[in-house]
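Report on the structure given below.
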Amino acid sequence: MENFSAIVEQVSAILWGWPMIILLLGTHLYLTVILKFPQRKIFKAIRLSVVKDKSGSGDVSQFGALATSLAATIGTGNIVGVATAVALGGPGAVFWCWITGVFGIATKYSEGLLAIKYRVKTTDGTMLGGPMYALEKGLKMKWLAILFCIFTAIAAFGIGNTVQANSIALLINETYSISPYITGLVLSFATALVILFGVKGIAKVCGTLVPFMAFFYILGCLVILYVNSEYLLRALDLIVDSAFSAKAAGGGFVGTTIMMAARFGIARGLFSNESGLGSAPIVAAAAQTRNPVRQALVSSTGTFWDTVVVCALTGLVLVSSVIAHPDIDHTQGAALTKAAFSKIPYIGSIILTVGIVTFAFSTILGWSYYGEKAVEYLGGKKLIIYYRLFWIAAVFVGSVLNLALVWGIADSMNALMAIPNLIALLLLSRVLVKETNKYLWSGNIDDEDPECV
586 MENFSAIVEQ
596 VSAILWGWPM
606 IILLLGTHLY
616 LTVILKFPQR
626 KIFKAIRLSV
636 VKDKSGSGDV
646 SQFGALATSL
656 AATIGTGNIV
666 GVATAVALGG
676 PGAVFWCWIT
686 GVFGIATKYS
696 EGLLAIKYRV
706 KTTDGTMLGG
716 PMYALEKGLK
726 MKWLAILFCI
736 FTAIAAFGIG
746 NTVQANSIAL
756 LINETYSISP
766 YITGLVLSFA
776 TALVILFGVK
786 GIAKVCGTLV
796 PFMAFFYILG
806 CLVILYVNSE
816 YLLRALDLIV
826 DSAFSAKAAG
836 GGFVGTTIMM
846 AARFGIARGL
856 FSNESGLGSA
866 PIVAAAAQTR
876 NPVRQALVSS
886 TGTFWDTVVV
896 CALTGLVLVS
906 SVIAHPDIDH
916 TQGAALTKAA
926 FSKIPYIGSI
936 ILTVGIVTFA
946 FSTILGWSYY
956 GEKAVEYLGG
966 KKLIIYYRLF
976 WIAAVFVGSV
986 LNLALVWGIA
996 DSMNALMAIP
1006 NLIALLLLSR
1016 VLVKETNKYL
1026 WSGNIDDEDP
1036 ECV
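Quick note on numbering: the sequence shown equals residues 586 to 1038 in this note's numbering.
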């Protein structure tokens, strides 16, 4: 087993090494350029995300689809993941995480566009879409679509289920001494109540849970930043300086190289916002919209909220806390996060606990839909009920087991998911440019696309 774990860890390190980082970041930059920097429409996109497109067709509202996507995206990686990047790459990692988020907006936009462009309607009126349909319909590469779905189905049970359930169970056990078995049962029951109602049930719960959890966590971060206000300018200076300087970081941090800051910041940013992973367009395809570009804009806001806002605030909180309290152990991600939030009397640990529990639970809900659609593509609707039951059971199992090995497998599957999706994005870039010019840059964003099923 130890040898197998070592092999899995090595494969994961290779898949998430510099070639993958360069491919993902290169795709972000390429799409940003050819689409004429769609990031400048982010505030229009935010407005569209909260306005229901009544004239469009789809299963859920644009906000419901976005909330489900954000639920799956904003997970424990936004809290502990950013701390790990800071611990390994220094304060400069936060800067590179931000940069990844800014350029990743173009990729998330492109994924949303292709999701609507190539979605299909089943005989019962359900909308299906995502990279597998773009690969099959747009590129005639069904074999690659099948591979994408296999990787997605496996990855879902790792990063989207057992790992999240385990994070919740461990935190509650450490904080309140509640048995992981009890937590697992409660989590399984709560998950069953939601996912057995399908995408509409998931979207409804996420539409309520996501704004609450984001507001609560952001408010907590702002409180810490207020407490650390005298250190904010130093923190910002340290973040930018460390991103481009190989000198010792200072401010309580051990010196790191530019390469380390870039590597861990970019990798964590990519992993956190899922731009290029191919997961978000699966639920974007269910959105009620009148043309592909409207949903593309709404989809792009997911990366903005996830990385440009939540990860940025987390990074500032962590760096300013270490400067304010040099005795904090910043060499371990989880310990750094816990120490930073513990500096708020009475409510610090509550903010962290509620943040991680809601983020992780919402991830379980969002990823259940991704995995479900991948399984449906592979074997049809008849498999869905069995998949949901297996998903509910996996939540309990994840709560009570040691999942070090699962992390490595999930990381590898996520990387393998990204490759077919990036192929679709790059090979269909002409379609992206054509649709963007037609609706976004020509001022026809409110026009209906007769081909939009």
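Here a beta-carbon is modelled for each residue, glycine too, at the ideal position from N, C-alpha and C.
Sort out for me which residues DSSP pairs residue i with in a bridge.
i    : result
A872 : V645
K706 : M712
Rounded to whole angstroms, what is the Cα-Cα separation between residue i and residue j?
i     : j     : result
A650  : P911  : 42 angstroms
L1007 : I780  : 29 angstroms
F782  : V790  : 11 angstroms
R879  : K722  : 21 angstroms
F946  : I851  : 25 angstroms
T737  : V795  : 23 angstroms
V894  : T888  : 9 angstroms
G715  : V1016 : 15 angstroms
F688  : A741  : 25 angstroms
G769  : Q749  : 11 angstroms
S934  : F926  : 6 angstroms
N1029 : L882  : 13 angstroms
G745  : S953  : 7 angstroms
Y971  : K727  : 24 angstroms
A591  : S860  : 28 angstroms
Considering only their Cβ atoms, is the gap separating residue j from residue i smaller than 8 angstroms?
i     : j     : result
A754  : V985  : yes
I677  : S827  : Looking at the sequence provided, one finds Gly at residue 677 rather than Ile. The answer is yes: Cβ separation under 8 angstroms.
F692  : L1013 : Before going on, a small fix: residue 692 reads as Thr here, not Phe. Cβ distance not < 8 angstroms, so T692 and L1013 don't count as in contact.
V949  : A777  : Going by the sequence as given, residue 949 is Ile instead of Val. No, these two residues do not count as a Cβ contact at 8 angstroms.
A1000 : I908  : no
L903  : I606  : no
I690  : I627  : yes
Q647  : L633  : yes
G602  : M845  : no
A979  : G792  : no
G965  : Y802  : no
Go ahead and pull the three-state DSSP assignment for residue i.
i     : result
M845  : helix
L713  : strand
N1029 : coil
G835  : With a pLDDT of only 48 at G835, under 50, the local geometry of the prediction cannot be trusted, and the value read off the model is given with reservation. DSSP places G835 in strand when its eight states are reduced to three.
H613  : helix
M798  : helix
K693  : helix
N751  : helix
D1034 : coil
V635  : coil
S860  : coil
N813  : coil
P866  : helix
Can you tell me whether residue i sits near the ligand ZN, meaning its C-beta is under 7 angstroms from at least one heavy atom of the ligand?
i    : result
Y703 : Inclusion of the ligand ZN in the displayed structure is not the case, the ligand content being empty and no account of it being possible.
Since residue i and residue j are thought to touch, with beta carbons under 8 angstroms apart, how far apart are those beta carbons, to the nearest angstrom?
i    : j     : result
M798 : F944  : 6 angstroms
L818 : P1005 : Going by Cβ atoms, the distance from L818 to P1005 rounds to 44 angstroms, so no, they are not a contact pair.
T886 : D638  : About 15 angstroms separates the two Cβ atoms, so there is no contact after all.
I664 : T892  : The pair is not a contact, with the Cβ atoms about 13 angstroms apart (cut-off 8 angstroms).
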